[in-house]
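Colleague: Encoded as C-alpha cells, here's the structure I'll be asking about.
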Amino acid sequence: GQSLEQPSEVTAVEGAIVQINCTYQTSGFYGLSWYQQHDGGAPTFLSYNGLDGLEETGRFSSFLSRSDSYGYLLLQELQMKDSASYFCAVRDGGQGGKLIFGQGTELSVKP
Amino acid sequence: GAGVSQSPSNKVTEKGKDVELRCDPISGHTALYWYRQSLGQGLEFLIYFQGNSAPDKSGLPSDRFSAERTGGSVSTLTIQRTQQEDSAVYLCASSPHRVVRYGYTFGSGTRLTVV
Chain V
1 GQSLEQPSEV TAVEGAIVQI NCTYQTSGFY GLSWYQQHDG GAPTFLSYNG LDGLEETGRF
61 SSFLSRSDSY GYLLLQELQM KDSASYFCAV RDGGQGGKLI FGQGTELSVK P
Chain Z
1001 GAGVSQSPSN KVTEKGKDVE LRCDPISGHT ALYWYRQSLG QGLEFLIYFQ GNSAPDKSGL
1061 PSDRFSAERT GGSVSTLTIQ RTQQEDSAVY LCASSPHRVV RYGYTFGSGT RLTVV
C-alpha cells in the first residue's frame, strides 16, 4: 500500500521561507503532488514532481528525490494568505489515477 | 461549468436516514473522484470513475455507501442508514484524464452532519 508522512503543524513569520517535508512509501511510484486547502475551502492543486529535482512556480517550489522517497514544498516570501493546510499525495500503485493523500500540514503565518 | 459543483453544500440528517450527494464535474473531464475529509484530517479516498471503465470502489467504507455516474457526467454518492461516524465533508474532484500531473479540480464539498 501507500503511506505518506508530513509534519502536522508548521509556524513561520511573514516574509520568511518555510519548507514542508513529505516522505512516502509506495508500491511503484508515479509522481508526488502538492495541494493547498484553506479553512473550509476546496483543495487546490499546487505542483507535481515526476522526476528528481526542483519545480518552481512563483513563490512556491517543490522538490523530489526518488532515491530517498522524499519531497518537500518550499514557500518563499511568506504572506498571511499562505496560512492553510498543505497535502502531499502520491498516485496509487494500482490501476487508475487516484491519489492517496497525506494527513496534511497546517501552516500558520504570523505577522 | 467553470468548476466542479457539489450540492447540497450542507446537509443535516437524522441517524438512520439515507442521503444523496451530488457532483457535477467540469465538462469534458473523464475522471471523477469522491473523497471524505473528517475534521482536521486528510482526504480519504472513496471511489473513482474513469470514462466507461468499471469504477474503483476500493475506498468505500461499508456497503451502506454507493455511487453512480450517469452519462459520464454527473455523479451521486448515496449513503444509506447514516451513522454519526459518517459526519464529514464529502469532496468530489474531476480531472481531464487519469494522469495526475495535471492535478485534480475539487468542488467545495458537502458538509454532512448526522444527528
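Here the protein sequences come in this chain order: V and Z. Just so we're aligned, residue 1 is where the first sequence starts under our numbering, counting upward by one. Just so we're aligned, residue 1001 is where the second sequence starts under our numbering, counting upward by one. Even glycine gets a Cβ: it sits at the ideal position worked out from N, Cα and C. Predicted model only: the values in this text are computed from it and were never measured.
Buried or exposed, going by whether 16 or more other CB atoms sit within 10 Å of the CB of K98 (chain V)?
Modeller: Label assigned to K98 (chain V): buried.
Colleague: So with Cβ pairs under 8 Å, would you call R1101 (chain Z) a contact of chain V?
Modeller: Yes - at least one Cβ of chain V is within 8 Å of the one on R1101 (chain Z).
Colleague: Which residues bound the beta strand (DSSP E) around K1011 (chain Z)?
Modeller: Per DSSP, K1011 (chain Z) belongs to the beta strand (DSSP E) from 1010 to 1013.
Colleague: Give me the Cα-Cα distance between N49 (chain V) and V1019 (chain Z), rounded to the nearest whole angstrom.
Modeller: Cα to Cα, N49 (chain V) sits roughly 38 Å from V1019 (chain Z).
Colleague: Going by beta carbon distance, what residues of the same chain come within less than 6 Å of I17 (chain V), once the five residues before and after it are set aside?
Modeller: Closer than 6 Å at Cβ, skipping near neighbours: Q76.
Colleague: Kindly indicate if chain Z contains any beta-carbon less than 8 Å away from that of F45 (chain V).
Modeller: So, interface residue.
Colleague: So V1012 (chain Z) and T1113 (chain Z) are in contact, right, with Cβ under 8 Å, and what is the actual spacing, rounded?
Modeller: The Cβ separation is near 5 Å, so the contact holds.
Colleague: Regarding G53 (chain V) and the ligand GTP, is the C-beta to nearest heavy atom distance less than 7 Å?
Modeller: Within the structure as shown, the ligand GTP is missing, as the structure has no ligands at all.
Colleague: List the endpoints of the continuous beta strand (DSSP E) containing A1054 (chain Z).
Modeller: Where A1054 (chain Z) is concerned, there is no enclosing beta strand (DSSP E), given that its DSSP letter is neither H nor E.
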